[in-house]
Amino acid sequence: MTTASPSIFTRIIAREIPADIVFENDSIIAFKDIAPQAPVHLLVVPKTEEYANVSELAEGDPALLAEVVAVARQLAAEYSTGEYRLVFNSGSSAGQTVFHVHAHVLSGPMTEGSLGF
Ligand code: AMP
Numbered sequence: 001m002t003t004a005s006p007s008i009f010t011r012i013i014a015r016e017i018p019a020d021i022v023f024e025n026d027s028i029i030a031f032k033d034i035a036p037q038a039p040v041h042l043l044v045v046p047k048t049e050e051y052a053n054v055s056e057l058a059e060g061d062p063a064l065l066a067e068v069v070a071v072a073r074q075l076a077a078e079y080s081t082g083e084y085r086l087v088f089n090s091g092s093s094a095g096q097t098v099f100h101v102h103a104h105v106l107s108g109p110m111t112e113g114s115l116g117f
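Heads up, the final residue of the sequence shown is numbered 117 in my numbering, and it's a clean run with no missing numbers.
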């Protein structure tokens with residue numbers, strides 16, 4: 001697993017890289033995925049890069065994980081129907097490419113495909 005620091009998401013938080021930001025508070029930022037896999041595809045990202053994946057976050061700061069889920073629910077209601085899929089890729093063989101924990105919020109009409117979108 002490759003770990004870059006600062007992560008690309010930390011650089012978005014610092015406004016070093018542009019992103020279409022849809023939510024931000026003291027602990028979380030959310031923005032549109034640059035390569036959307038669904039009609040609505042948002043990333044909800046804890047600002048800390050202390051946790052590489054959702055298992056580390058669940059163990060290290062469960063309240064922050066709960067906040068990620070709450071923001072995902074709020075954004076799915078705001079940007080789509082309120083129904084959504086929440087995906088945390090964990091590990092490179094599972095498709096994770098950025099090792100700064102983040103939730104994919106996927107929503108909108110489903111199409112044919114192994115995961116529906
Ligand atoms: P993962 O593969 O689960 O680690 O997810 C990383 C996600 O970050 C991918 O869906 C990428 O499309 C997305 N991504 C990478 N760079 C950017 C960027 N600069 N702005 C928005 N999304 C990005």
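Cβ coordinates follow ideal geometry from the N, Cα and C atoms, glycine included.
Check: residue i C-beta below 7 angstroms from any heavy atom of the ligand AMP
i: I17; result: yes
i: F117; result: no
i: G108; result: no
i: V40; result: no
i: G95; result: yes
With 16 other Cβ atoms within 10 Å as the buried cut-off, status of residue i
i: P109; result: exposed
i: G116; result: exposed
i: S118; result: Because the chain spans 1 through 117 in this model, residue 118 falls outside it and cannot be assessed.
i: V69; result: exposed
Pair within 8 angstroms by beta-carbon distance, residue i and residue j
i: H104; j: F9; result: no
i: L75; j: A30; result: yes
i: A19; j: I12; result: yes
Residue i versus residue j - alpha carbon distance
i: G95; j: N53; result: 12 angstroms
i: L42; j: V22; result: 8 angstroms
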